[in-house]
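One structure below.
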Amino acid sequence: MNNKSVFFASPYKLNIFLECPRKYWYYYINEETKYKQPEYPYFTMGGHVHDTLKNFFNLDLKFRTKDKILELLETFWETKRGLEGGFESLDQEESYKVRAKKMLLKFYENEDINAMPILWHSRSNPKVEVTPGLFFTGVFDRIDVLSQNLLHVIDYKTGKEDAEDVRNIQLPMYAVLAERIFKKPVVQISYLNLGSGRWNSKGLEKGDAFDIIGRVQDIVAKIPKSVEKEDFICEYKDRCFHCNYLKELGFVLN
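In the UniProt record's numbering, the protein residues as written are 1 to 254.
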């Protein structure tokens, strides 16, 4: 297979194109700005919370204590903090840290801490070829095994900044990923808002996999095959705010 005919589709990548084709060009094609983005406090906090929960469920049941979940948060917080994490002051950082602790304590007190999710041990993100040349990829938060060896794909949300996928792309794609990798049917997908404790769940049927593959194919078909900036047209023009993050990084946009 020719590499030029291969496309790796993640929910994040597709949503960037749907938000603004020009932003897609800046983030995935233009070498000067490729993969560059500023650090934001809520993303840093969210990353630490996700890492904490992933590692918490990697522990034996006897070690899953309230103190341990907070200890894990402290450990991950030290890996990115201060200006490196996008925090403008110690007070701002502390407020986000308190928010993270509240989420984790709410989770510990209200959710099933004895769950035994399938663990993804590879350092690389999962990916599967769903049609010739089209790969699905992404990052699993959690996959639970239900009765009869059925799967439940769960995605954590950490607040209003981390909105659920209104286009309904992320979890259906992850369901296809999980089914192809673990060879078990996915019958349920859920978002769990860690701030409110609210679950948003949906059952899946056999035809849903074909639906999301078709929808992703339609989106990918709209992405220009060229690398020219002018081919990635932003319909908002001067009113578009999606590329403003590049100004924060010091780039001058034409």
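All C-beta atoms in this analysis are idealised placements derived from N, C-alpha and C, irrespective of residue type, glycine included. All values reported here derive from a predicted model rather than from experimental measurement.
Locate the alpha helix (DSSP H) running through residue i, then write down its first and last residues.
| i | result |
| --- | --- |
| Ala-115 | Per DSSP, Ala-115 belongs to no alpha helix (DSSP H) and is neither H nor E. |
| Leu-14 | 11-19 |
| Pro-41 | 41-56 |
Quick one: residues in its chain with C-beta nearer than 8 Å to the C-beta of residue i, no 5 flanking neighbours on either side, listed in chain order?
| i | result |
| --- | --- |
| Cys-20 | Cys-234, Tyr-236, Cys-240, His-242 and Cys-243 |
| Lys-68 | Phe-56 and Leu-59 |
| Glu-248 | Pro-38 |
| Leu-146 | His-152, Val-187 and Gln-188 |
| Asp-211 | Pro-172 |
May I ask you to list the residues that DSSP assigns as paired with residue i?
| i | result |
| --- | --- |
| Lys-157 | Asn-193 |
| Thr-33 | Paired residue(s): none; Thr-33 is not in a bridge. |
| Phe-135 | Phe-8 and Glu-129 |
| residue 309 | Coverage of the chain is limited to positions 1 through 254, which leaves residue 309 absent and any answer about it impossible. |
| Val-186 | Leu-151 |
Quick one: is residue i buried, meaning 16 or more other Cβ sit within 10 Å of its Cβ, or exposed?
| i | result |
| --- | --- |
| Tyr-27 | buried |
| Arg-198 | exposed |
| Tyr-12 | exposed |
| Arg-123 | exposed |
| Met-116 | exposed |
| Ser-10 | buried |
| Lys-202 | exposed |
| Asp-155 | buried |
| Tyr-35 | exposed |
| Lys-225 | exposed |
| Phe-63 | exposed |
Between residue i and residue j, how many whole angstroms is the CB-CB distance? I'm expecting something under 8 Å.
| i | j | result |
| --- | --- | --- |
| His-121 | Phe-76 | Contact doesn't hold; Cβ gap of about 18 Å is too wide. |
| Tyr-108 | Met-45 | Tyr-108 to Met-45, Cβ: 17 Å. No contact. |
| Thr-137 | Phe-232 | Actually they do not touch by this definition, with Cβ atoms about 21 Å apart. |
| Leu-194 | Thr-158 | 5 Å |
| Gly-86 | Tyr-40 | 5 Å |
| Thr-65 | Phe-251 | The pair is not a contact, with the Cβ atoms about 46 Å apart (cut-off 8 Å). |
Looking at the secondary structure, which residues open and close the beta strand (DSSP E) in which residue i lies?
| i | result |
| --- | --- |
| Ile-143 | 142-145 |
| Gly-203 | 199-203 |
| Val-128 | 127-131 |
Which same chain residues end up closer than 6 Å to residue i when comparing Cβ atoms and leaving out the 5 residues on each side of it in sequence?
| i | result |
| --- | --- |
| Val-6 | Gly-133 |
| Ile-129 | It is worth fixing the name first, because residue 129 is Glu in this sequence and not Ile. Only Phe-135 meet the Cβ criterion. |
| Ile-213 | Val-130 |
| Arg-99 | none |
| Phe-140 | Trp-120 |
| Asn-125 | Thr-137 and Val-139 |
Distance cutoff 9 Å, beta carbons only. Does residue i sit that close to anything in chain C?
| i | result |
| --- | --- |
| Lys-13 | Structure shown: chain C not included; a single protein chain is present. |
Note down, in chain order, each residue of its chain lying with its Cβ closer than 7 Å to the Cβ of residue i, except the 5 sequence neighbours on either side.
| i | result |
| --- | --- |
| Phe-182 | Ile-118 and Leu-151 |
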